[in-house]
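Under my numbering, the first residue of the sequence shown is numbered 6, with each subsequent residue one higher.
Where a beta carbon is used, it is the ideal one built from N, C-alpha and C, also for glycine.
In this text, all values refer to a predicted model and were calculated from it rather than measured experimentally.
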Amino acid sequence: MSISLFASRNATVSPRWSKSVLGLALVAAASGLSLAPAAAQAADALQCELDRPMRFGGMNWESNLVLVEVERFIIKHGYGCDSEVLPTETLPALAALQRGDLDINSEIWLNSTLEPWNKAEASGKVKRIGDIYMGGEAWFIPKYTAERLPDLKKAADLPKHWEAFKDPEEPTKGRFYGCPAGWGCEVVSTNLFKALGLEKTFTLFSPGTGATQKAALTAAYQRKENVAFYYWYPTPLVGSMDLVKLELPPYDAAKQKCLTDPNCENPQATDYPENPVFTAVTTQFTEKAPQLTAFLSKVKVPLDVMNQTMAYMEENEAEPQPTALWFLKDKQDVWSQWLPADVTERVKAAL
6 MSISLFASRN ATVSPRWSKS VLGLALVAAA SGLSLAPAAA QAADALQCEL
56 DRPMRFGGMN WESNLVLVEV ERFIIKHGYG CDSEVLPTET LPALAALQRG
106 DLDINSEIWL NSTLEPWNKA EASGKVKRIG DIYMGGEAWF IPKYTAERLP
156 DLKKAADLPK HWEAFKDPEE PTKGRFYGCP AGWGCEVVST NLFKALGLEK
206 TFTLFSPGTG ATQKAALTAA YQRKENVAFY YWYPTPLVGS MDLVKLELPP
256 YDAAKQKCLT DPNCENPQAT DYPENPVFTA VTTQFTEKAP QLTAFLSKVK
306 VPLDVMNQTM AYMEENEAEP QPTALWFLKD KQDVWSQWLP ADVTERVKAA
356 L
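Structure representation (C-alpha cells):
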C-alpha cells in the first residue's frame, strides 16, 4: 500500500519523530518497547481479534503521536495485537478511514472537520466511539507583543497594525501564521481570514507541516519578534509560551458550520467553540474487534494530564514512544480505567 494514498508528497513528520512514525509506516510492528521474558510469553499466548496488524493514522502533532503509541503498547501487551502507523493528515485520514485503509483515527478535532465528519458518519462506514478530551483553538499574539501594541485586542484590529508583523517575503503586508497545510483547521483558518477582511493587509501563511509551524513560531518567540498566529491546545508550544488570545466575535454555531466548509460562500467571523476531540474507527472494525473497540471507546485523558504529558515531552525533548512509556508508568490511575483488570495486569507486567 503506497503512502501516497494518505499523505501528500510534501507532507512530512518532524525529524524528531521520523523513527517512531515514518519508519513504522509500512511495517507491522510492536510498540517497540521491550518486554520482560515472562511478559513476552504471556503476550505471545494472547489471540488478537484481528488476524492482521491494526492500522493507525499517524497525524504529525504531539498529542496524537503520543496517544497512538500509548494505545499501541496496550493492544500489543494487553490484547496480543500487532499494529502499524500510516503517516497522514486530517482530511486524507478521514477519507482513508472511510475506504477502510485505516482502522482507527485516535484524534479527530470535531470543529475543524465538522462538515467532512458529518458526511463520513452519514455514510455508515465510520463510527465515533469515544471522547478523549476537550481541546481548544485560538488566534494568539505573544504577551510582549500585546504590551507593545496595547490597542491590539481583537483579531479585527490586525489590519491597523500590519507593519508590526511584516511578511519577509511580501513586505507590503503583514504575515499571519495559519493552520499547517492539509490539516482540517486550514479550512477554518482560511475562511476566518477572509471573514475578517485581512486579505488586503496580511498574507495567510500556511506552513507545510506542524513541525515547520512550531519551529517558525518558536524561533520568532525566542527573538521577541511580533507574531500573530493560529494554534490549538493542549500543546507543548502553548503551554511553554506566555500568550494572549486575540478576541473574536461571539461564537455562533451556524457561522462556525460554514467556516468548516471549504465551499463556504459567505464566511462570517465567529469565535472557536470548545473542540471535542474523539476517536473514530471503521464500522467493520467494531464488528470484527468488539473487545478492542470497547477499550478504545473508553480512552479518555483529563486535560491537565494531557498538559503534563506534553510538558514532559517538551522539557525532555522526548520522542513519542518514550513519552508514551512515561505516561504508562506515571499515569496508571488514568489508563487503568480504560481496561478490564486482567488486561491492566498484563500491561503493567510489560512496563
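Check: So, with DSSP's three-state summary, where would you put Asn116?; Outcome: helix
Check: Expressed to the nearest angstrom, what Euclidean distance is found between the alpha-carbon atoms of Leu72 and Ala98?; Outcome: 16 angstroms
Check: The beta strand (DSSP E) spanning Glu320 covers which residue range?; Outcome: That residue, Glu320, is in no beta strand (DSSP E); its alpha helix (DSSP H) goes Leu308 to Glu320.
Check: May I ask you to report which of helix, strand or coil DSSP gives Trp188?; Outcome: coil
Check: Taking C-alpha atoms, which residue in Thr217, Arg153, Asn231 and Asp266 lies nearest to Asn196?; Outcome: Asp266
Check: Using a C-beta cutoff of 8 angstroms, does Thr328 count as contacting chain D?; Outcome: Within the model displayed, chain D is absent; a lone protein chain is all it includes.
Check: According to DSSP, is Ser341 helix, strand or coil?; Outcome: helix
Check: Ends of the alpha helix (DSSP H) at Ser68?; Outcome: Glu67 to Tyr84
Check: Which residue comes first and which comes last in the alpha helix (DSSP H) that contains Val243?; Outcome: Pro241 to Ser245
Check: Would you decide whether Ala346 is buried or exposed? Buried here means 16 or more other CB atoms lie within 10 Å of its CB.; Outcome: exposed
Check: Report the option in Glu89, Thr93, Ser88 and Asp56 whose CA atom is closest to the CA atom of Gly215.; Outcome: Thr93
Check: With burial defined as no fewer than 16 other Cβ atoms inside 10 Å of the residue's Cβ, what is the status of Arg351: buried or exposed?; Outcome: buried
Check: For Gly62, which three-state DSSP category applies?; Outcome: strand
Check: Along the chain, which unbroken stretches of the alpha helix (DSSP H) at least 4 residues long are found entirely within the stretch 148–232?; Outcome: 148–153, 189–200 and 215–227
Check: For the alpha helix (DSSP H) holding Lys250, just list the boundary residues, first then last.; Outcome: Element bounds for Lys250: not the alpha helix (DSSP H) but the beta strand (DSSP E), Leu248 to Lys250.
Check: Where Ala294 and Glu76 are concerned, what is the direct C-alpha to C-alpha distance, given to the nearest angstrom?; Outcome: 15 angstroms
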